[in-house]
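Peer 1:
Residue numbers (my numbering), protein chains in the order written: chain A, 1 to 288; chain B, 1 to 288.
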């Protein structure tokens with residue numbers, strides 16, 4: 001059996017009881033380690049489970065799937081994923097390989113940022129399409145996420161922005177020389193994401209475009225959701241640029257239209273004056 | 001401390017280790033029991049935790065919140081919710097009451113249908129706004145969910161349809177007589193949901209409207225997600241009308257545009273001929 005087990009979002013104790021039982025029954029346990037990170041590392045998990053973990057980086061999952069699935073028809077193998085195995089990233093490819101090899105698989109679900117973000121007070125069924133923000137380079141500054149945010153806002157919907165993670169990236173120089181030397185991991189902060197968005201807004205304003213998001217739009221920055229030191233910060237987009245939410249992982253929510261109960265919940269974690277640009281659309285709807 | 005603890009979607013062992021530890025530390029434990037159900041009942045949970053649970057129906061949560069929060073500043077109280085505490089239904093009101101009473105609260109997240117539905121093979125970031133389908137009555141047949149599905153499909157996005165749950169409902173007769181006699185619980189099936197959608201499609205077709213969804217649109221019915229006997233069934237909307245997925249809870253997904261990897265995953269659980277109406281929009285996009 002191949003078990004795909006979600007680890008949830010905080011520390012080792014966020015695994016489900018069912019997931020922990022499955023891990024302990026397995027002869028090999030892989031830890032997926034390139035799409036997300038837990039606030040505790042591999043060693044803490046190994047101590048918690050009382051067994052060794054095999055780190056599965058992108059190369060291994062994409063090219064070494066046969067190794068992961070080896071003998072999984074006669075023994076139990078676990079593949080651990082931070083969040084839910086089908087959360088922000090899907091491991092469909094591994095599942096399809098298992099299916100085609102006749103290996104049964106079982107998913108043990110857990111919280112992911114896709115549903116846990118509801119704790120900021122915004123209702124999940126008022127979210128539109130989720131978007132991803134990537135680190136800009138000198139030559140590559142994609143803006144398509146901005147248009148999706150505006151589309152969601154036009155429909156009254158909130159947008160969850162997943163922020164870039166760079167793990168085991170090679171510099172172009174090292175890649176060209178064939179050197180497997182990796183850059184230190186990088187995680188986009190809420191502040192960096194807000195700054196990218198404001199650069200787009202400013203450029204579009206200069207072009208005379210109508211703006212779907214402005215510096216005064218109410219947003220929510222979240223950091224280390226589910227961990228003991230999680231941070232939730234409701235602020236204007238402008239305020240978030242200078243907001244330090246600490247270590248990874250960060251996510252950003254751009255609000256759409258707000259129900260009064262959502263506004264009350266946002267107020268619990270709001271920076272001073274964060275909500276002063278809210279205006280009432282009708283008796284039960286607010287917008288910024 | 002008020003703990004809001006997600007129970008996940010399957011049985012008692014789907015609680016997280018952290019959640020179980022918190023439950024065991026509490027002097028009172030409430031089980032929210034009107035927005036969702038676990039495949040195991042209250043008694044099974046009580047046996048698993050080794051303690052008594054207090055069933056919290058809608059009346060208690062909405063009008064008896066003071067009772068739930070009583071002494072929670074000096075003792076630990078848990079409020080258990082199937083799925084995630086901020087999943088398909090939000091318990092913001094209880095949280096706000098705690099905040100205003102100066103009672104600290106902590107959320108222990110878990111899987112909800114909002115993220116676990118990813119296991120059907122459709123990628124979560126390709127979902128648009130979630131919709132709810134309610135049981136129609138003779139005089140109340142809302143169709144607004146249909147328009148939201150079409151809007152999502154126009155944008156290429158999938159739609160998760162949450163299906164109605166009626167727990168502790170009074171008949172109008174009993175309500176008027178002030179009798180607290182409740183109807184047996186009812187849960188909308190995928191088949192009933194598909195039938196409602198097809199009725200709308202037929203009516204709009206007669207009106208000559210352009211159709212955003214048809215009988216041949218590829219959909220996915222899911223039942224008891226996370227439980228050992230979960231069912232995932234990929235089929236056309238028409239096929240789903242005669243599809244029996246067994247006991248509650250059911251949910252329905254209407255696909256938008258599909259990536260080839262999503263099509264491959266859908267094929268794993270597909271009814272015969274379910275995907276024959278798929279056509280290619282371009283080399284990497286399919287639609288039905």
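Cβ atoms here follow ideal geometry from the backbone N, Cα and C, with glycine treated the same way.
Using a Cβ cut-off of 8 Å (strictly closer), state whether residue 79 of chain A contacts chain B.
Peer 2: For the purposes of this step, residue 79 of chain A is taken as residue 79 along the first chain, with counting starting at 1. Taking Cβ atoms only, chain B never reaches closer than 8 Å to residue 79 of chain A, which makes this a no.
Peer 1: Taking only runs of the alpha helix (DSSP H) that begin and end inside the segment 28 to 101 of chain A, which ones reach a length of at least 4 residues, in chain order?
Peer 2: Entirely contained in the segment 28 to 101 of chain A, the alpha helix (DSSP H) runs reaching 4 residues are, in chain order, 42 to 49, 58 to 63, 65 to 69, 92 to 100.
Peer 1: If you drop the 5 nearest sequence neighbours on each side, which residues of the same chain put their C-beta closer than 8 Å to that of residue 162 of chain B?
Peer 2: Taking the first residue of the second chain as 1, we reach residue 162 of chain B at position 162. Taken in chain order, the residues that qualify are 88, 113, 130, 131, 132, 133, 251.
Peer 1: Applying a beta-carbon distance threshold of less than 8 Å, which residues of chain A neighbour residue 15 of chain B?
Peer 2: Taking the second chain and counting its residues from 1, the one referred to as residue 15 of chain B is at position 15. By Cβ distance, chain A contributes 16, 17.
Peer 1: Could one say the Cβ of residue 226 of chain B lies closer than 8 Å to chain A's Cβ atoms, at least one of them?
Peer 2: The residue given as residue 226 of chain B occupies position 226 in the second chain. So yes, residue 226 of chain B belongs to the interface.
Peer 1: Contact defined as beta carbons within less than 8 Å: I believe residue 166 of chain B pairs with residue 145 of chain B. What is the distance between those atoms, to the nearest angstrom?
Peer 2: In the second chain, the residue the question calls residue 166 of chain B occupies position 166. In the second chain, the residue the question calls residue 145 of chain B occupies position 145. Not confirmed; about 17 Å, so no contact.
Peer 1: Return yes when the Cβ of residue 231 of chain B is within less than 8 Å of the Cβ of residue 39 of chain B, no when it is not.
Peer 2: Taking the second chain and counting its residues from 1, one reaches residue 39 of chain B at position 39. Taking the second chain and counting its residues from 1, one reaches residue 231 of chain B at position 231. No. Outside cutoff.
Peer 1: Could you work out which residue in A/42, A/148, A/154 is closest to residue 290 of chain B when comparing CA atoms only?
Peer 2: A query on residue 290 of chain B cannot be resolved here, the shown segment of chain B reaching from 1 to 288 and no further.
Peer 1: Can you pull out the residues from the segment 36 to 60 of chain A whose beta carbon lies closer than 7 Å to at least one beta carbon of chain B?
Peer 2: Going along the segment 36 to 60 of chain A in chain order, one finds no residue with a Cβ nearer than 7 Å to chain B.
Peer 1: Check the Cβ of residue 110 of chain A against every Cβ in chain B and list those closer than 7 Å, keeping chain order.
Peer 2: As a working mapping, residue 110 of chain A is identified with position 110 in the first chain. By Cβ distance, chain B contributes 110, 111.
Peer 1: Which first and last residues belong to the beta strand (DSSP E) in which residue 235 of chain B is found?
Peer 2: Indexing the second chain from 1 puts residue 235 of chain B at position 235. Start and end: 231 to 236.
Peer 1: Any Cβ of chain A within less than 8 Å of the Cβ of residue 144 of chain B?
Peer 2: For this step, residue 144 of chain B is matched to residue 144 along the second chain. Chain A, which has no Cβ nearer than 8 Å to the Cβ of residue 144 of chain B, makes this no.
Peer 1: Going by C-alpha to C-alpha distance, which of B/119, B/208, B/97 sits closest to residue 2 of chain B?
Peer 2: For this step, residue 2 of chain B is matched to residue 2 along the second chain. Comparing Cα-Cα distances from residue 2 of chain B to each of B/119, B/208, B/97, the minimum goes to B/97.
Peer 1: If you follow the alpha helix (DSSP H) that residue 289 of chain B is in, where does it begin and where does it stop?
Peer 2: There is no way to answer for residue 289 of chain B, as the model of chain B reaches only from 1 to 288.
Peer 1: Quick check on the DSSP output: the beta strand (DSSP E) that includes residue 282 of chain A runs from which residue to which?
Peer 2: For the purposes of this step, residue 282 of chain A is identified with residue 282 of the first chain, where counting begins at 1. Unbroken beta strand (DSSP E) run through residue 282 of chain A: 279 to 282.
Peer 1: Are there three or more Cβ pairs, one per stretch, closer than 8 Å when the segment 44 to 57 of chain B is compared with the segment 18 to 30 of chain B?
Peer 2: The segment 44 to 57 of chain B is in contact with the segment 18 to 30 of chain B.
Peer 1: Using the Cα positions of residue 191 of chain A and residue 80 of chain A, report the straight-line distance between them to the nearest angstrom.
Peer 2: Walking along the first chain from the start, residue 191 of chain A turns up at place 191. Walking along the first chain from the start, residue 80 of chain A turns up at place 80. Computed Cα separation, rounded: 30 Å.
Peer 1: At a CB-CB cut-off below 7 Å, which residues of chain B make contact with residue 229 of chain A?
Peer 2: As a first step, residue 229 of chain A is located in the first chain; it is residue number 229 there, counting from the start. Going along chain B, no residue has its Cβ under 7 Å from residue 229 of chain A, so there is no contact; the nearest lies around 12 Å.
Peer 1: Which residues in chain A have a C-beta closer than 8 Å to the C-beta of residue 76 of chain B? List them in chain order.
Peer 2: For the purposes of this step, residue 76 of chain B is taken as the residue at position 76 of the second chain. By Cβ distance, chain A contributes nothing, its closest Cβ being about 16 Å from residue 76 of chain B, past 8 Å.
Peer 1: Only counting the same chain, and skipping five residues up and downstream in sequence, which positions put a Cβ closer than 6 Å to that of residue 122 of chain B?
Peer 2: Translated into positions along the second chain, residue 122 of chain B becomes position 122. Cβ neighbours of residue 122 of chain B beyond the five flanking positions: 158, 262.
Peer 1: Using Cβ-Cβ distances below 8 Å, what residues of the segment 120 to 140 of chain A are close to chain B?
Peer 2: So the list reads 121, 123, 124, 125, 126, 127, 128, 129, 130, 131, 132, given in the order they occur along the chain.
Peer 1: Per DSSP, residue 131 of chain B forms a beta bridge with which residues?
Peer 2: As a working mapping, residue 131 of chain B is identified with position 131 in the second chain. Its beta-bridge partners are B/161.
Peer 1: Which residues, in chain order, does the segment 156 to 177 of chain B contribute to contact with chain A at a C-beta distance below 7 Å?
Peer 2: Result list: 157.
Peer 1: Is the CB of residue 102 of chain B under 8 Å away from at least one CB in chain A?
Peer 2: To locate residue 102 of chain B, count along the second chain from 1; it is residue 102. Residue 102 of chain B does not count as touching chain A.
Peer 1: Do you know offhand how far residue 181 of chain A's Cα is from residue 52 of chain B's?
Peer 2: Counting from one through the first chain, the residue named residue 181 of chain A turns up at place 181. Counting from one through the second chain, the residue named residue 52 of chain B turns up at place 52. Taking the straight line joining both Cα atoms gives about 56 Å.
Peer 1: Under the DSSP definition of a beta bridge, which residues are partnered with residue 358 of chain A?
Peer 2: The first residue shown for chain A is 1 and the last is 288, placing residue 358 of chain A beyond what the model contains.
Peer 1: Taking residue 84 of chain A as the query, report the chain B residues whose CB atoms sit under 8 Å from its CB, ordered along the chain.
Peer 2: Against the first chain, residue 84 of chain A aligns to sequence position 84. Simply 111, 115, 116, 118.
Peer 1: Using a Cβ cut-off of 8 Å (strictly closer), state whether residue 92 of chain A contacts chain B.
Peer 2: For this step, residue 92 of chain A is matched to residue 92 along the first chain. With 8 Å as the cut-off, residue 92 of chain A counts as an interface residue toward chain B.
Peer 1: Assuming contact is defined by CB atoms lying nearer than 8 Å, are residue 119 of chain A and residue 253 of chain A in contact in what I supplied?
Peer 2: For the purposes of this step, residue 119 of chain A is taken as the residue at position 119 of the first chain. For the purposes of this step, residue 253 of chain A is taken as the residue at position 253 of the first chain. Against a cut-off of 8 Å, the Cβ pair of residue 253 of chain A and residue 119 of chain A comes out as no contact.
Peer 1: Along the beta strand (DSSP E) that carries residue 223 of chain B, what are the first and last residues, could you check?
Peer 2: Translated into the one-based positions of the second chain, residue 223 of chain B becomes position 223. 218 to 223 is the span of the beta strand (DSSP E), which, as asked, contains residue 223 of chain B.
Peer 1: What does the alpha-carbon distance come out to for the pair residue 152 of chain A and residue 267 of chain A?
Peer 2: As a working mapping, residue 152 of chain A is identified with position 152 in the first chain. As a working mapping, residue 267 of chain A is identified with position 267 in the first chain. Cα to Cα, residue 152 of chain A sits roughly 22 Å from residue 267 of chain A.
Peer 1: Using 8 Å for Cβ pairs, my map puts residue 16 of chain B next to residue 13 of chain A. What's the rounded Cβ distance?
Peer 2: By 1-based counting over the second chain, the position of residue 16 of chain B is 16. By 1-based counting over the first chain, the position of residue 13 of chain A is 13. So it is a contact: roughly 7 Å between Cβ atoms.
Peer 1: Mind pulling the chain B residues with CB within less than 7 Å of residue 107 of chain A?
Peer 2: Looking up residue 107 of chain A in the first chain gives position 107. Ordered by position in chain B, the residues that pass the 7 Å Cβ test against residue 107 of chain A are 119.
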